[in-house]
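Going by mature numbering (1 follows the signal peptide of the UniProt record, and there is no 0), the letters in the sequence shown line up with residues -24 to -1, 1 to 373, in that order.
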Amino acid sequence: MTQPRTRRDVFRLAGASAAGLALAACGVQGQKAAPPKADAVADFWAKQKKNGKVVFANWPEYMPEDKGPLEKFKADTGIAYEYKEVIQENAEFFGKADPVLRAGQSLGYDIVVMTNGIQLQHMIDLGYAVALDHSKLPNFQANAGQKYKERAYDPGNKYTVPYTSGVTGIAYNTDYVKDDITSIEALFDQKYKGRVGMMADAQEIANFGMIALGIDPEKSSEADWQKAGEKLKAQRDAGIVRKYYDQSYIDAVSKGDIWLSMAWSGDVFQRQLAGEPVKFVVPAEGGTIWTDNMLIPKGAANPLDALMLMDYLYQPAIAAELDEFIQYVTPVPAVQDLLREKAEQAKGEEKQTLDDMVNSPLMFPSDADYAKLRSYTPLTTQQEQVFNPIFQSITQA
């Protein structure tokens, strides 16, 4: 569990120059669906029966190799599972799913995992996500952290429940940067000219541009996007940015090719476990929290079985088993104490690794860190056509 491995982060940006840009250029077909009425939701779930099977579509490296949580679910419920690592990037996945769902056909999956952002917003707005029956989510209600029940992109968790989260902050190589980095302005500082890495993804870089200006991305306007674009363009034109990166930024920071960069918490934690001189900080002005969410796609064959699995993963012991493998931010706060108890019983390298996990703000952010974290800007299809070019013109120039 402690060996560095291919993280799903590499796929979060994989579509930035291909499928993602193609979708941004052509827009999304279909009309925004009216939210389902409460009685229609209740009627749908009243008709559902347990079928004894669930098909779970997820990202690579997001489930222990022995499928322990899924095997326990099968033993406890009698529900068989198919687990498919078929989601490589949000835009690519949505690009394939959209025409199928628009035609009223099934994707063949009962649960899919998507990151909050443009494509998840499309899934919800176009009526492609099934509204959940929260009376059938007792573990979620009892064990999910309050912060994961108050997400701007899906108020009240009407369509989604979190699978895991991560934080975008700043990573820096302590062999080259001797100051304690605390401010987002370090990424714009001339003394690091040519040694700064920024992300290539439009939503990620937009968030940092706005946060640097004191703008909350979740409440931003087109005028705010323009201001952020101007700040980021000035940073680029001043030669401060060495490169706009996909996940390769973490190698560049570790080797000293760049000294500091926008970074994902999980990447940095893996390098810290390997003993590399990389530190992570959530800037005083704020950082970004992103969440990978479970949802039931329209036309799923086994929605009740899917809902049962989604809720099962919110049992603290199951959530702890998942988080020990994934090493990101769990939506179940009780996991920290369970891993602490396990660390007390462990020995040697396993104990050290578990202690590192329990005490890492990269896996268990403090309340102060959470207070500084913001989600991506929510965008309509029309707003997307304005937003994307502003920031893509910076990263692709």
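Just so it is clear, CB atoms sit at the ideal spot from N, CA and C, and this is done for glycine as well.
With DSSP as the reference, label Asp227 as helix, strand or coil.
Your numbering for residue 227 matches position 251 in the sequence shown. The answer is helix: DSSP assigns Asp227 an H, G or I state.
Pull the bridge partners of Trp240 from the DSSP assignment, please.
Taking the sequence shown and counting its residues from 1, the one referred to as residue 240 is at position 264. DSSP output for Trp240 lists Thr144 as bridge partner(s).
How many angstroms separate the CA atom of Asp200 from the CA atom of Val217?
Here residue 200 refers to the residue found at position 224 when the sequence shown is read from its first residue. Here residue 217 refers to the residue found at position 241 when the sequence shown is read from its first residue. Straight-line Cα distance between these residues: approximately 22 Å.
Rounded to a whole number of angstroms, what is the C-alpha to C-alpha distance between Gly84 and Val76?
To locate residue 84, count along the sequence shown from 1; it is residue 108. To locate residue 76, count along the sequence shown from 1; it is residue 100. Spanning the two alpha carbons is a distance of roughly 10 Å.
Indicate the three-state DSSP secondary structure (helix, strand or coil) for Ala105 in the structure shown.
Taking the sequence shown and counting its residues from 1, the one referred to as residue 105 is at position 129. Strand.
Ile55 to Asp86 span [Cα, whole Å]:
Here the question's residue 55 lines up with position 79 in the sequence shown. Here the question's residue 86 lines up with position 110 in the sequence shown. If I take the Cα positions, the gap works out to 13 Å.
Examine the ligand NAD and report whether any of its heavy atoms sits within less than 7 Å of the Cβ of Ala344.
This structure lacks the ligand NAD; in fact it carries no ligand of any kind.
For Ser224, tell me which candidate among Gln372, Val244 and Ile302 has the shortest Cα-Cα distance.
In the sequence shown, counting from the first residue as 1, residue 224 sits at position 248. The shortest C-alpha separation from Ser224 is found at Val244.
Please say whether Gly242 and Gln312 have beta carbons closer to each other than 8 Å?
Within the sequence shown, residue 312 is the residue found at index 336, counting from 1. Within the sequence shown, residue 242 is the residue found at index 266, counting from 1. Between Gln312 and Gly242, the gap from beta carbon to beta carbon reaches 8 Å or more.
Taking all protein chains shown into account, do 16 or more other C-beta atoms lie within 10 angstroms of the C-beta of Ser230, making it buried, or fewer, making it exposed?
As a position in the sequence shown, residue 230 is number 254, starting the count at 1. Result: buried.
Considering just the uninterrupted stretch of the alpha helix (DSSP H) at Ala14, what are its terminal residues?
As a position in the sequence shown, residue 14 is number 38, starting the count at 1. Taken as a continuous stretch (DSSP letters only), the alpha helix (DSSP H) holding Ala14 covers Ala14 to Ala22.
Determine the extent of the alpha helix (DSSP H) in which Asn34 is found, giving its start and end residues.
As a working mapping, residue 34 is identified with position 58 in the sequence shown. From DSSP, Asn34 is part of no alpha helix (DSSP H) but of the beta strand (DSSP E) over Lys29 to Asn34.
Looking at the unbroken beta strand (DSSP E) that takes in Asp268, where does it start and where does it end?
Reading the sequence shown from its first residue, position 292 is the one you call residue 268. Its beta strand (DSSP E) spans residues Gly263 to Leu271.
Determine the contact status of Phe367 and Ala178, defining contact as a CB-CB distance below 8 Å.
Locating residue 367 in the sequence shown gives position 391, where the first residue counts as 1. Locating residue 178 in the sequence shown gives position 202, where the first residue counts as 1. Between Phe367 and Ala178, the CB-CB gap stays under 8 Å.
Tyr288 (DSSP reduced to helix, strand or coil)
Reading the sequence shown from its first residue, position 312 is the one you call residue 288. The answer is helix: DSSP assigns Tyr288 an H, G or I state.
Under 8 Å, Cβ to Cβ, is there at least one residue of chain B near Tyr346?
Chain labels in this structure do not include chain B; a single protein chain is all it has.
Return the first residue and the last residue of the alpha helix (DSSP H) that Val319 is part of.
Reading the sequence shown from its first residue, position 343 is the one you call residue 319. According to the sequence as given, residue 319 is Ala; it is not Val. From DSSP, the alpha helix (DSSP H) with Ala319 extends over Val311 to Gln321.
Using only the alpha-carbon positions, how far apart do Thr150 and Lys255 sit?
Within the sequence shown, the letter at position 174 stands for residue 150. Within the sequence shown, the letter at position 279 stands for residue 255. Rounded to the nearest angstrom, the two C-alpha atoms are 7 Å apart.
Run of the alpha helix (DSSP H) containing Val308, from where it starts to where it stops:
Translated into the one-based positions of the sequence shown, residue 308 becomes position 332. If you look at Val308, you'll find it isn't in any alpha helix (DSSP H); DSSP assigns it neither H nor E.
Extract the residue ranges of the alpha helix (DSSP H) inside the segment 156 to 240, only unbroken runs of 4 or more that lie entirely within it.
Taking 4 residues as the shortest admissible run, the segment 156 to 240 contains the following complete alpha helix (DSSP H) segments, listed from N- to C-terminal end: 178 to 188, 198 to 213 and 225 to 231.
Can you give me the start and stop residues for the alpha helix (DSSP H) that Ala67 sits inside?
Here residue 67 refers to the residue found at position 91 of the sequence shown. Unbroken alpha helix (DSSP H) run through Ala67: Asn66 to Arg78.
Reference Gln372; option with closest CA among Asp213, Ala293 and Leu113:
Looking up residue 372 in the sequence shown gives position 396. Residue Asp213 is the option with its Cα nearest to Gln372.
So Tyr290 and Asn119 are in contact, right, with Cβ under 8 Å, and what is the actual spacing, rounded?
Residue numbering aside, residue 290 sits at position 314 when the sequence shown is read from its first letter. Residue numbering aside, residue 119 sits at position 143 when the sequence shown is read from its first letter. For Tyr290 against Asn119, the beta-carbon gap comes to about 5 Å, under 8 Å, which counts as contact.
Measuring CA to CA, which of Gln359, Ile191 and Met39 is closest to Gly263?
By one-based count along the sequence shown, residue 263 stands at place 287. For Gly263, the nearest C-alpha among the options comes from Ile191.
Can you tell me which of the three DSSP states Thr371 falls into?
Here residue 371 refers to the residue found at position 395 when the sequence shown is read from its first residue. Helix.
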